[in-house]
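These notes concern the structure reproduced below.
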Amino acid sequence: MSAPVLPSPSPGVLPPSGAGRFSALLDEDVWSWSEELVRLLGHAEQPTLVTTELFLHHVLPPDRPVAAALLEAATEGPCTVRLRARTSRGRDLVLDVSAAPRPRAAGAPSWLSSGIEGTVAPVADRAHEVAGSPSTRPVEDARELLVLALGLGRDAALALLTHHARARRLTVAELARDLVRVCAAVPTSQLSQALVAAALSGAADTPHAAASHPGAADPGGAGFPARGASAIP
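Residue numbers (the working numbering): 212 to 444.
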């Protein structure tokens with residue numbers, strides 16, 4: 212059975228200057244990149260096969276869990292994250308990636324319901340990264356993970372991260388690095404709310420798990436809100 216033909220990104224999705232566009236059927240793992248995105252990611256011509264794996268290959272390893280969570284969250288509604296990436300020519304970039312569900316055309320097959328589309332816009336070269344110093348970047352990465360994995364607002368995600376850091380007698384940056392490390396170490400298909408909860412509570416294998424405050428671990432998931440619920444205990 213041949214792979215479905217994916218329509219080009221909708222003309223109505225207008226990217227910022229210098230940005231590229233994409234469409235993807237995640238269940239079928241079929242993507243379409245605009246010529247602008249092909250050039251932005253350093254390819255001389257359209258790749259023969261564009262897949263989720265190829266897209267994530269361009270994202271730097273620490274940010275791949277955030278990118279994977281973005282793709283999953285985009286099937287439910289619009290979302291945007293900032294990612295560090297590397298082109299096929301070795302140039303480091305900072306990208307704003309926005310994605311949203313792709314509208315289904317009348318009479319379209321049901322598998323199109325997993326379709327997303329979006330834009331990829333360059334922010335700056337890595338030397339001018341606006342996300343902050345190395346000491347603050349892990350906190351931003353961890354907050355983006357919580358926003359996408361739990362459907363929280365940015366303030367609520369930071370409040371949840373801060374609560375668990377205090378309970379475990381860690382700095383917020385230490386817990387953030389643990390969370391990002393755990394999520395980056397597993398295949399994107401295994402990234403789950405349960406894994407994020409374990410990393411937050413200290414139940415996962417992290418550098419600071421053994422130093423957690425006694426009783427702070429929460430194997431049953433207490434203190435880990437359901438999607439859309441309050442993040443502040």
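Glycine included, C-beta positions come from ideal geometry on N, C-alpha and C.
These numbers come from a predicted model, not from an experiment.
| query | Roughly how far, in whole angstroms, is the beta-carbon of Val383 from the beta-carbon of Leu372, given that I think they are within contact range, below 8 angstroms? | reply | Indeed they touch by this definition, with Cβ atoms about 6 angstroms apart.
> Do you know whose CA, among Leu237, Leu271, Leu265 and Leu251, lies nearest His284's CA?
Replying inline: Inspection of the sequence shows that residue 284 is occupied by Ala rather than by His. Checked all of Leu237, Leu271, Leu265 and Leu251; the closest Cα to Ala284 is Leu237.
| request: Please state if the CB of Val331 and the CB of Val308 are separated by a distance shorter than 8 angstroms. | output: yes
DSSP puts Thr330 in a beta bridge; with which residues?
BP columns for Thr330 point to Arg232 and Ser309.
Contacting residues, own chain, Cβ-Cβ under 7 angstroms from Leu281 (five flanking each side not counted):
Cys290, Val292, Val308, Ala310 and Leu359
ask   = Could you give the distance in angstroms between the alpha-carbon of Leu306 and the alpha-carbon of Thr298?
value = 11 angstroms
| message | Considering just the uninterrupted stretch of the alpha helix (DSSP H) at Ala387, what are its terminal residues? | response | Where Ala387 is concerned, the enclosing alpha helix (DSSP H) stretches over Val383 to Ala395.
Checklist entry - What's the gap between the Cα of Glu287 and the Cα of Ile327? => result 9 angstroms
Check your understanding: How is the beta strand (DSSP E) around Val241 delimited, first residue to last?
Key -> Val241 to Trp244
Discussion item. Alpha carbons only, please: which of Ala410, Arg380, Glu256 and Arg354 is nearest the one belonging to Ala278?
Written reply: Arg354
Next on the checklist: Quick check: Leu381 and Val393, are their CB atoms within less than 8 angstroms of each other?
Outcome noted: no
- Item | Thr262 versus Glu256 - alpha carbon distance | 15 angstroms
Note to self: Within 10 Å of its beta-carbon, does Val270 have 16 or more other beta-carbons around it, so buried, or fewer, so exposed?
What the structure shows: Under this definition Val270 is a buried residue.
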